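Chemist: Residue numbers (the working numbering): 63 to 232.
Have a look at this one.
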Ligand code: ADP
């Protein structure tokens with residue numbers, strides 16, 4: 063099992079599954095969601111339309127269509143509301159469910175964006191801690207997933223993830 067962090071546009075990654083930071087409607091939005099829909103093409107929206115939305119903390123799977131990735135896992139992160147409304151637990155749910163869905167289609171490699179830390183305003187340090195801890199705990203249970211990449215959009219986000227991964231490697 064391998065976990066790493068890179069700085070990239072997640073739509074360019076040649077992995078089995080990329081995760082989308084979607085909203086409950088699953089009908090597209092701004093940020094990484096908009097980028098994934100643009101790159102995957104209109105077939106993605108058609109596929110999402112049949113899914114009936116998604117609860118916060120849960121995720122749903124579609125094909126990747128025109129993306130290099132075979133699958134998109136649409137996870138709905140929580141909107142940050144001060145941290146006392148179960149935000150961390152819901153965020154952890156996104157990572158757990160995404161890994162379960164990846165394993166259900168025998169995906170071996172998966173890439174995550176930094177869910178909830180854009181428009182949804184979850185503080186990056188706390189979100190990255192939840193992401194790294196949850197992925198580490200879940201990976202031992204999902205044997206088909208061999209490689210997890212945290213795909214950061216900014217250099218500063220990458221620095222946060224790298225510090226956490228280096229710390230826990232020691
Ligand atoms: P949310 O609504 O869950 O906060 P956003 O899309 O606003 O979702 O932001 C989540 C993260 O995705 C942010 O760190 C943002 O900078 C990043 N992001 C935006 N576009 C891309 C992209 N093309 N590839 C990877 N990450 C992206």
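Glycine included, every Cβ here is placed at the ideal spot set by N, Cα and C.
Computed from a prediction, not measured in an experiment: that's the story for all the values here.
In chain order, which continuous runs of the beta strand (DSSP E) of length 3 or greater are located wholly inside the region 75 to 118?
Modeler: With a minimum length of 3 residues, the continuous beta strand (DSSP E) runs that stay inside the region 75 to 118 are 79 to 84.
Chemist: Excluding the five sequence neighbours on either side, which residues of its own chain have a C-beta within less than 6 Å of the C-beta of residue 87, listed in chain order?
Modeler: Answer for residue 87: 115, listed in chain order.
Chemist: Return yes when at least one heavy atom of the ligand ADP lies under 7 Å from the C-beta of residue 181, else no.
Modeler: Checking the Cβ of residue 181 against the ligand ADP gives yes.
Chemist: Please check the pair residue 130 and residue 74, which I expect to be a contact at CB under 8 Å, by giving their CB distance rounded to whole angstroms.
Modeler: Their Cβ separation, rounded to whole angstroms, is 7 Å, which keeps residue 130 and residue 74 in contact under 8 Å.
Chemist: Quick check on DSSP: helix, strand or coil for residue 154?
Modeler: Note: residue 154 maps to helix in three-state DSSP.
Chemist: Using a threshold of 7 Å, is the CB atom of residue 83 nearer than that to any non-hydrogen atom of the ligand ADP?
Modeler: Because some heavy atom of the ligand ADP lies under 7 Å away, the Cβ of residue 83 counts as near it: yes.
Chemist: Using a Cβ-based criterion (distance less than 7 Å to any ligand heavy atom), does residue 110 qualify as near the ligand ADP?
Modeler: For the ligand ADP, not one heavy atom lies less than 7 Å from the Cβ of residue 110.
Chemist: Could you check what DSSP says for residue 65 in three-state terms: helix, strand or coil?
Modeler: Of the three classes helix, strand and coil, the one that applies to residue 65 here is strand, per DSSP.
Chemist: Going by DSSP in three states, residue 70 sits in which element: helix, strand or coil?
Modeler: Correct three-state label for residue 70: coil.
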